[in-house]
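In my numbering, the protein residues as written are 1 to 290.
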């Protein structure tokens, strides 16, 4: 397969919602990059839908769209054109099964194709929504950070710890473990979700050198995340992150990322507090975790 190939579709697409209900759409073009064999191809699809179908997609938050009002109104009676990309983990699944560009195209137009999962709405992430009025097109592009943030909001809401806007691109919630509680910060950098667990107390200036040495030691052994300290004010936090460029970022992914960071932070919290307070020496702190 060449570096880039465009397949003109011009036929109905067999999209299905998670409920199994069909989604009426008409394919325009499928653009693929990658070799289609050793690497999952980057697939981008253009398709048309009616304004009524678009309303349903927004209401049900399909194709990774954020639920709620669209940024601009669309007129009824005129089709919309959407561009979407195949989620990287779905493309990788197709390649793992020995599929390529032809199998992908067939799965989009034939409901009973072997790779039918390709036609599931949540296998695709919408990139843009446009509607033509004569020669003029209006609409919007979907920012990756908006999509990731909405996923995180839904997951946090379900967990009973709704995200609060903390300004400067940060969102926060309180994490709890037994009698302990600490602030957790969440931010997004393009398609990367970054979660910080923040030590409630600032480390006094005279204890920062010892705490810094301890954090360097611990970071060497950690398989997930890294401790950071602001040497100016003594704030300590544990950073964990997930790059969603090559994987699907859903509610489960966010919950697992937060849980992994919380477990690691909770494990080190007593030692960090004691070391910062001066009731534990650096040697004793190191010995606690081998």
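Idealized CB from N, CA, C, for every residue including glycine.
For residue i and residue j, which I take to be in contact (beta-carbon distance under 8 Å), what is that distance rounded to the nearest angstrom?
| i | j | result |
| --- | --- | --- |
| residue 211 | residue 235 | That belief does not hold up - the Cβ atoms of residue 211 and residue 235 are roughly 11 Å apart, past 8 Å. |
| residue 17 | residue 30 | Their Cβ separation, rounded to whole angstroms, is 20 Å, which puts residue 17 and residue 30 out of contact at 8 Å. |
| residue 107 | residue 118 | 4 Å |
| residue 282 | residue 214 | 6 Å |
| residue 126 | residue 109 | Not really, about 19 Å apart at Cβ, beyond 8 Å. |
What residue does the alpha helix (DSSP H) around residue i start on, and which one ends it?
| i | result |
| --- | --- |
| residue 261 | 251–277 |
| residue 109 | 101–109 |
| residue 282 | 282–288 |
Compare the Cα-Cα distances from residue i to each of the options and report the closest residue.
| i | options | result |
| --- | --- | --- |
| residue 317 | 76, 237, 82, 226 | Given a span of 1 to 290 for the chain in the structure shown, any question on residue 317 remains unanswerable. |
| residue 183 | 170, 190, 189, 191 | 170 |
| residue 151 | 132, 95, 122 | 122 |
| residue 261 | 248, 61, 175, 153 | 175 |
| residue 275 | 132, 239, 209, 104 | 209 |
| residue 157 | 217, 252, 30 | 252 |
| residue 132 | 126, 140, 125 | 140 |
| residue 73 | 269, 245, 138 | 138 |
| residue 203 | 279, 102, 19 | 279 |
| residue 189 | 101, 124, 243 | 243 |
| residue 207 | 168, 58, 124, 272 | 272 |
| residue 52 | 32, 61, 33, 75 | 75 |
| residue 86 | 56, 258, 100 | 100 |
Mind checking who residue i pairs with in its DSSP beta bridge?
| i | result |
| --- | --- |
| residue 291 | Outside the modelled stretch of the chain, which goes from 1 to 290, sits residue 291, for which no answer is possible. |
| residue 49 | 80 |
| residue 141 | 128 |
| residue 192 | 189, 243 |
| residue 238 | 197, 227 |
Considering only heavy atoms of the ligand MG, does any lie closer than 6 Å to the CB of residue i?
| i | result |
| --- | --- |
| residue 281 | Looking for the ligand MG in the displayed structure turns up nothing, as the structure carries no ligands at all. |
For the beta strand (DSSP E) that residue i lies in, which residues bound it at each end?
| i | result |
| --- | --- |
| residue 8 | 4–16 |
| residue 23 | 22–33 |
| residue 211 | Note, residue 211: premise wrong, no beta strand (DSSP E); alpha helix (DSSP H) at 208–221. |
| residue 164 | 164–167 |
| residue 119 | It is not in any beta strand (DSSP E) - residue 119 carries neither H nor E in the DSSP assignment. |
Open item on the list: Any contact between the stretch 217–230 and the stretch 160–176? By contact I mean 3 or more CB pairs, one from each, below 8 Å.
Closed with: By the Cβ criterion, the stretch 217–230 is not in contact with the stretch 160–176, since fewer than three pairs of Cβ atoms, one from each stretch, lie closer than 8 Å.
- [ ] Inspect the CB distances between the stretch 44–62 and the stretch 24–33 and report whether three or more fall short of 8 Å.
- [x] Yes, the stretch 44–62 touches the stretch 24–33.
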